[in-house]
Amino acid sequence: MGLLPCCSTPDDPQTKTIEQEIKKERKNLRRQVKILLLGAGGSGKTTFLKQMVIIHGAGEFTADEVRAYRAQIFQNIISAMRILLDARQKLGFKWENEKRQKNVDKVMR
Numbered sequence: 001m002g003l004l005p006c007c008s009t010p011d012d013p014q015t016k017t018i019e020q021e022i023k024k025e026r027k028n029l030r031r032q033v034k035i036l037l038l039g040a041g042g043s044g045k046t047t048f049l050k051q052m053v054i055i056h057g058a059g060e061f062t063a064d065e066v067r068a069y070r071a072q073i074f075q076n077i078i079s080a081m082r083i084l085l086d087a088r089q090k091l092g093f094k095w096e097n098e099k100r101q102k103n104v105d106k107v108m109r
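Going by UniProt numbering, the first residue of the sequence shown is number 1, and it counts up by one from there.
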């Protein structure tokens with residue numbers, strides 16, 4: 001290779017290597033998909049992204065992240081249960097087994 005890198009020949013091994021890397025990068029960029037997630041708070045945007053990470057192996061969660069996500073998931077489950085139980089009560093549905101009311105009281109606290 002000469003003193004001026006801009007004047008390198010196409011047969012130069014370094015030029016070939018760089019061009020191969022550029023081709024690989026272009027191919028990767030063509031395969032890349034970008035998604036714009038819109039929605040109100042609590043609509044599941046973050047949950048969707050976390051699921052994509054899990055499904056496609058884009059990264060591993062640290063132990064701290066697992067603990068934080070576990071707590072968040074449990075809180076989301078309890079919140080959804082409260083909504084359903086509240087709707088059940090407002091609509092006047094009765095429990096077949098009255099012992100279930102104790103469980104409802106625990107969840108609704």
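For every residue, glycine included, the Cβ atom is placed at its ideal position computed from N, Cα and C.
These numbers come from a predicted model, not from an experiment.
Next item on the list: Consult DSSP for A40 and reduce its assignment to one of helix, strand or coil.
Entry: DSSP places A40 outside both helix and strand once states are collapsed to three, so it counts as coil.
Checklist line | Alpha-carbon spacing of W95 relative to G39, whole angstroms | finding: Distance between the alpha carbons of W95 and G39: 35 Å.
Notebook entry, point to check: Going straight from the alpha carbon of V66 to that of K23, what length do you get?
Noted result: Cα-Cα distance, rounded: 38 Å.
Margin query: If I measure Cβ to Cβ from Q101 and keep anything under 8 Å in the same chain, skipping five residues before and after, which residues do I get?
Written below: The residues are W95.
Notebook entry, point to check: Where does Q97 fall in DSSP's three states?
Noted result: The sequence given here has Asn at residue 97, not Gln. DSSP, reduced to helix, strand and coil, places N97 outside both helices and strands of the structure shown, so it counts as coil.
Notebook entry, point to check: DSSP three-state call for V33: helix, strand or coil?
Noted result: V33 falls in the coil class under three-state DSSP.
Item checked: CA-to-CA distance, A63 to A80, given in whole angstroms -> Rounded to whole angstroms, A80 to A63 spans 26 Å at the Cα level.
Note to self: Quick check on this structure: which residue in Q14, R88, V107 and D11 has the alpha carbon closest to the alpha carbon of N76?
What the structure shows: Distances from the alpha-carbon of N76 to those of Q14, R88, V107 and D11 put V107 closest.
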